[in-house]
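Participant:
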Amino acid sequence: MAQVNLRKVFKEYDEVPAVRGIDLDIADKEFVVLVGPSGCGKTTTLRMIAGLEDITDGEIAIGGDVVNDVPPKDRDIAMVFQNYALYPHMTVHENMSFGLRLKKVPKDEIQRRVNAVAGILGIGELLERKPRQLSGGQRQRVAMGRAIVRNPKVFLFDEPLSNLDAKLRVHMRTEIKKVHQKVRTTTVYVTHDQVEAMTLADRVVVMNAGLIEQVGRPNELYHSPATLFVAGFIGSPAMNIIGCALEETAGALRLRLNGGLAFPIPEERVARYRPHAGKPNLLFGLRPEHVTDLRGPTAPGQCPFEVTLDVTEPMGMETLVFFALNGVDTCARTNPLANLQPGKRAQLLADLRYMHLIDADSGRVL
Amino acid sequence: MKPKSLRRERRWALIWSYVFLVVFAVIFLTPPLYMLITSLKTSAEISAVTLPWWVFHPTLDNYYALFTSEAFLTFFRNSVVVSLAVVAITMLISIFAAFSLSRMRFWGSATLATGVFLTYLIPETLLFIPLFKIFAFVQEWTGIELMNHWWVLIVIFPTLTVPFCTWIMIGYFASIPKELDEAALIDGASYFQVLTRVFLPVALPGVIAATIFAFTVSWADFLYPMAFTTSVDQLVLPAGIVTTLIKGDVFNWGQIMTAALLGALPPLLIYAFLMDYYIAGLTAGATKG
Chain E
2 MAQVNLRKVF KEYDEVPAVR GIDLDIADKE FVVLVGPSGC GKTTTLRMIA GLEDITDGEI
62 AIGGDVVNDV PPKDRDIAMV FQNYALYPHM TVHENMSFGL RLKKVPKDEI QRRVNAVAGI
122 LGIGELLERK PRQLSGGQRQ RVAMGRAIVR NPKVFLFDEP LSNLDAKLRV HMRTEIKKVH
182 QKVRTTTVYV THDQVEAMTL ADRVVVMNAG LIEQVGRPNE LYHSPATLFV AGFIGSPAMN
242 IIGCALEETA GALRLRLNGG LAFPIPEERV ARYRPHAGKP NLLFGLRPEH VTDLRGPTAP
302 GQCPFEVTLD VTEPMGMETL VFFALNGVDT CARTNPLANL QPGKRAQLLA DLRYMHLIDA
362 DSGRVL
Chain Y
715 MKPKSLRRER RWALIWSYVF LVVFAVIFLT PPLYMLITSL KTSAEISAVT LPWWVFHPTL
775 DNYYALFTSE AFLTFFRNSV VVSLAVVAIT MLISIFAAFS LSRMRFWGSA TLATGVFLTY
835 LIPETLLFIP LFKIFAFVQE WTGIELMNHW WVLIVIFPTL TVPFCTWIMI GYFASIPKEL
895 DEAALIDGAS YFQVLTRVFL PVALPGVIAA TIFAFTVSWA DFLYPMAFTT SVDQLVLPAG
955 IVTTLIKGDV FNWGQIMTAA LLGALPPLLI YAFLMDYYIA GLTAGATKG
């Protein structure tokens, strides 16, 4: 069993807080991704789990044992670094077996394990090469192989794909997922790329400014973000977030975006939003896929409106269209067959059944 | 056209490169050549008024005289022992010092690193008189006689070599990405194993450069042996050649040149032997990963 538990973990560099008290429980065999912008504390958190950084305050436990004062080599973890950190003077085989050789594992056992892992990763024919003779993707595999071969309690990945080109990154992402499905080791993975986070994780931990914003399954984060930050961070293209007012007239709730545009709040949300009517500083959030071109009859909660388009971006399977709403650049995902043109008026449809109402002051999704 | 002018520029750059390279080659290679020519001459021919760049009656007498001279062989042996010992001591100290100064951040490590470099900036000419004082002091307190012993150079030369070698190694170690030691630490290596199994192999060009430097300094240093050793059996090569082959105002040029040439041979062989490896290591380190 190798769960990882963080209790009120703090980290300060010369009095500057990097991680400001986080609690996180990672279950055995779970794949957890820490995601957030630069400087949010995700890498620091990972390095504290690895033992490469001291913990200023709090407690980290691996497999139930508190490891605050345990050196990295005794934590039974393996780490894959962003720049791979392969030993340049060793062959692939020597790189992978370095940890085992230090532990004085018998030679035939090392041989067996290296070959098995090389098989999983498809690097069997590279074993005698030096790192400099490998491509970026191959180095990445070797770095993973070096981690897997030690059969540790926990894998730690520090932005392992960010040195690869876009195509290879997508490919290696799938590879990592496959490997995890085969090896089933508890994994903590740090990235700034929310797509990577969504695709890889059992659970995603969104961090911002040294704190955890939200922990949840990828779809949970996507469909019910808890905070303004998560709503804006997860999803590409990003959620449209527009200043709005919530008006109550004769018992009916209306979402007013500007003088000419107001949408009725869908039936099922009325009770939830009514207490917030009239509040200042409210934001209206709606994902681009819930703003579409107008096709056929509308269901309750779907609100047609008309705007002038600024830009269209044909993607093939869909066309992204952009228009200004309340001074905010807003994105809609439309059917290419609707053939919307920049500079022209267009009939669009906002599906308010998927809307989010956000309190800008507290940053909470209401 | 642009490519044409580029080609012309390249041609001019090459021409100038050759001009300067030839000038430097001539300047640097003439003295050894002259030494070689002179070493093959008899004293009579050296003092005769003939073309100095040609040997009319080549002879190996000078070589024979030196190789049968017990004094010269003693100098040679002293030099070898001193240099090897100094290289060993220097590398042992400076590798550990450089590793700790570049990697194990501790209180005052940055100041210490600068201090090491400043030490190197003090010329030996300033130090040999204070060193006399220290020798006298040591003898007064311990009764150990430091003057006029070849082995005292083993103690003194590291004061010249350690600071510079440490500085070179700090530079090389600093160029090793931090993740490499972290990876090794996670893989289960101790600090000592990080040094021996990762740092030294990766920084091998630096180790070799430092070794060459330490060897060259201790092999060729002239001032300290002249100042601190006097008896013929305690001298190393540079001091020995000058002390024994110049008698009063009689310069035995043939043997002086021969001895100097033979003395220059070991460093030359070491360079030749290590240079390929040294350059190979340099270029391997230059490409990332």
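From first to last, the protein sequence lines stand for chains E and Y.
Quick note: my numbering has the first sequence finishing at residue 367, numbered continuously throughout.
Quick note: my numbering has the second sequence finishing at residue 1003, numbered continuously throughout.
Glycine included, each C-beta is placed from N, C-alpha and C at the ideal position.
None of the values given here were measured: they were computed from a predicted structure.
(1) Given a cut-off of 9 Å on the beta-carbon distance, is the pair E:V20 and E:F11 in contact?
(2) Looking at the structure shown, is E:H357 part of a helix, part of a strand, or coil, going by DSSP?
(3) Applying a beta-carbon distance threshold of less than 7 Å, which residues of chain E neighbour Y:G902?
(4) For the pair the region 44 to 62 of chain E and the region 132 to 144 of chain E, tell me if three or more CB-CB distances fall below 8 Å.
(5) What's the C-alpha gap between Y:P952 and Y:D935?
(6) State the Cα-Cα distance for the pair E:L367 and Y:V908, rounded to the nearest angstrom.
(7) Assign Y:A1000 to one of three DSSP states: helix, strand, or coil.
(8) I want to see whether chain Y comes within less than 9 Å of E:G146, judged by CB atoms only; does it?
(9) Please work out which residues of its chain come closer than 6 Å, Cβ to Cβ, to E:T309, disregarding the five sequence neighbours upstream and downstream, and give them in chain order.
(10) What is the DSSP secondary structure of E:C41, counted as helix, strand or coil?
(11) Does any C-beta atom of chain Y lie closer than 9 Å to the C-beta of E:G302?
(12) According to a CB-to-CB cut-off of less than 7 Å, which residues of the region 895 to 927 of chain Y neighbour chain E?
(13) Since E:G244 is in the beta strand (DSSP E), which residue starts that stretch and which ends it?
(14) Looking only at its own chain, which residues have a Cβ that is under 8 Å from the Cβ of E:A174, when we skip the five neighbours before and after it?
(15) Suppose you measure from the CA of Y:I884 to the CA of Y:V830; what does that come to, to the nearest Å?
(16) Give me the DSSP bridge partner(s) of E:G364.
(17) Just how far apart, CA to CA, sit Y:A1000 and Y:P915?
(18) Under a CB-based cut-off of 9 Å, is Y:G999 close to chain E?
(19) Is any beta-carbon of chain Y found at less than 9 Å from that of E:N84?
(20) Assuming E:G59 is part of the beta strand (DSSP E), what are its boundary residues?
(21) On the DSSP bridge assignment, give the partners of E:R346 in chain order.
(22) Helix, strand or coil for E:P18 per DSSP?
(23) Classify E:M145 as helix, strand or coil using the three-state DSSP reduction.
(24) Look up E:L35 in the DSSP assignment and give the residues it is bridged to.
(25) Would you mind working out which of E:L128, E:D352, E:M97 and E:P73 sits nearest E:N241, comparing C-alpha positions?
(26) I need the DSSP call for Y:D775, collapsed to helix, strand or coil.
(27) Can you find a C-beta in chain Y that's less than 9 Å from the C-beta of E:M80?
(28) Measuring only between beta-carbons, confirm whether Y:E838 sits less than 9 Å from chain E.
(29) Decide if Y:H771 is buried, meaning its Cβ has at least 16 other Cβ atoms within 10 Å, or exposed.
(30) Against E:A51, what residues of chain Y qualify as contacts under a CB-to-CB distance less than 7 Å, listed in chain order?
(31) What are the partner residues of E:T320, as DSSP defines its beta bridges?
(32) Going by beta carbon distance, what residues of the same chain come within less than 6 Å of Y:S753, once the five residues before and after it are set aside?
(33) Starting from E:H90, find everything on chain Y with Cβ-Cβ shorter than 7 Å and list it in chain order.
(34) Please identify the residue among E:F158, E:G252 and E:V312 whose C-alpha is closest to the C-alpha of E:N340.
Facilitator: The short version:
(1) To locate residue 20 of chain E, count along the first sequence from 1; it is residue 19. To locate residue 11 of chain E, count along the first sequence from 1; it is residue 10. In contact: E:V20 and E:F11 (Cβ atoms closer than 9 Å).
(2) Position 356 of the first sequence, counted from the start, is the residue given in the question as residue 357 of chain E. DSSP places E:H357 in strand when its eight states are reduced to three.
(3) For the purposes of this step, residue 902 of chain Y is identified with residue 188 of the second sequence, where counting begins at 1. Ordered by position in chain E, the residues that pass the 7 Å Cβ test against Y:G902 are K74, G100, L103 and K104.
(4) no
(5) Locating residue 952 of chain Y in the second sequence gives position 238, where the first residue counts as 1. Locating residue 935 of chain Y in the second sequence gives position 221, where the first residue counts as 1. Taking the straight line from one Cα to the other gives about 7 Å.
(6) Residue numbering aside, residue 367 of chain E sits at position 366 when the first sequence is read from its first letter. Residue numbering aside, residue 908 of chain Y sits at position 194 when the second sequence is read from its first letter. Rounded to the nearest angstrom, the two C-alpha atoms are 53 Å apart.
(7) Along the second sequence, one-based indexing puts residue 1000 of chain Y at 286. Below a pLDDT of 50, predicted positions are generally treated as unreliable, and Y:A1000, at 44, falls in that range; the measurement from the model is reported next regardless. Here Y:A1000 sits in helix by DSSP.
(8) For the purposes of this step, residue 146 of chain E is identified with residue 145 of the first sequence, where counting begins at 1. No, because no Cβ of chain Y sits closer than 9 Å to the Cβ of E:G146.
(9) Against the first sequence, residue 309 of chain E aligns to sequence position 308. Closer than 6 Å at Cβ, skipping near neighbours: R346.
(10) Here residue 41 of chain E corresponds to residue number 40 of the first sequence, with the count starting at 1. In this structure, E:C41 counts as coil in the three-state DSSP scheme.
(11) Counted from its first residue, the first sequence places residue 302 of chain E at position 301. Taking Cβ atoms only, chain Y never reaches closer than 9 Å to E:G302, which makes this a no.
(12) E896, A897, L899, I900, D901, G902, A903, Q907, V912, P915 and V916
(13) For this step, residue 244 of chain E is matched to residue 243 along the first sequence. Where E:G244 is concerned, the enclosing beta strand (DSSP E) stretches over N241 to T250.
(14) The sequence position of residue 174 of chain E within the first sequence is 173, counting from 1. What sits at residue 174 of chain E in the sequence shown is Arg, not Ala. Cβ neighbours of E:R174 beyond the five flanking positions: L162, E197, T200 and L201.
(15) Sequence index remark: in the second sequence, residue 884 of chain Y carries index 170 (1-based). Sequence index remark: in the second sequence, residue 830 of chain Y carries index 116 (1-based). In a straight line, the C-alpha of Y:I884 is about 10 Å away from that of Y:V830.
(16) In the first sequence, counting from the first residue as 1, residue 364 of chain E sits at position 363. None; E:G364 has no bridge partner.
(17) Reading the second sequence from its first residue, position 286 is the one you call residue 1000 of chain Y. Reading the second sequence from its first residue, position 201 is the one you call residue 915 of chain Y. In this prediction, Y:A1000 has a pLDDT of 44, which is less than 50 and means its spatial position is unreliable; nothing more can be read from the coordinates.
(18) On the second sequence, residue 999 of chain Y is found 285 positions in, with the first residue counted as 1. The predicted model places Y:G999 with a pLDDT of 46, which falls under 50 and marks its position as unreliable, so this point remains unresolved.
(19) Position 83 of the first sequence holds residue 84 of chain E. So yes, E:N84 belongs to the interface.
(20) Here residue 59 of chain E corresponds to residue number 58 of the first sequence, with the count starting at 1. Where E:G59 is concerned, the enclosing beta strand (DSSP E) stretches over D58 to I63.
(21) Within the first sequence, numbered from 1, the residue matching residue 346 of chain E stands at position 345. Paired residue(s): E:T309.
(22) Position 17 of the first sequence, counted from the start, is the residue given in the question as residue 18 of chain E. Three-state DSSP puts E:P18 in a strand.
(23) As a first step, residue 145 of chain E must be located in the first sequence, where it is residue number 144. Reduced to three states, the DSSP call for E:M145 is helix.
(24) Within the first sequence, residue 35 of chain E is the residue found at index 34, counting from 1. Answer by DSSP bridge pairing, in chain order: E:V191 and E:V206.
(25) One-based indexing of the first sequence puts residue 241 of chain E at position 240. Closest option to E:N241, Cα to Cα, is E:D352.
(26) For the purposes of this step, residue 775 of chain Y is identified with residue 61 of the second sequence, where counting begins at 1. Y:D775 falls in the helix class under three-state DSSP.
(27) Within the first sequence, numbered from 1, the residue matching residue 80 of chain E stands at position 79. Yes, because at least one Cβ of chain Y sits closer than 9 Å to the Cβ of E:M80.
(28) By one-based count along the second sequence, residue 838 of chain Y stands at place 124. No, because no Cβ of chain E sits closer than 9 Å to the Cβ of Y:E838.
(29) Along the second sequence, read from residue 1 onward, the residue named residue 771 of chain Y stands at position 57. Classification for Y:H771: exposed.
(30) Residue numbering aside, residue 51 of chain E sits at position 50 when the first sequence is read from its first letter. Within 7 Å Cβ-Cβ: I900.
(31) Counted from its first residue, the first sequence places residue 320 of chain E at position 319. Paired residue(s): E:P315 and E:T335.
(32) As a working mapping, residue 753 of chain Y is identified with position 39 in the second sequence. Closer than 6 Å at the Cβ level, and outside the excluded window around Y:S753, lie N776, M971, T972 and L975.
(33) Numbered from its first residue, the first sequence carries residue 90 of chain E at position 89. Going along chain Y in sequence order, the residues near E:H90 (Cβ under 7 Å) are P915 and V916.
(34) Mapped onto the first sequence, residue 340 of chain E falls at position 339. Checking every option, the nearest Cα to that of E:N340 belongs to E:V312.
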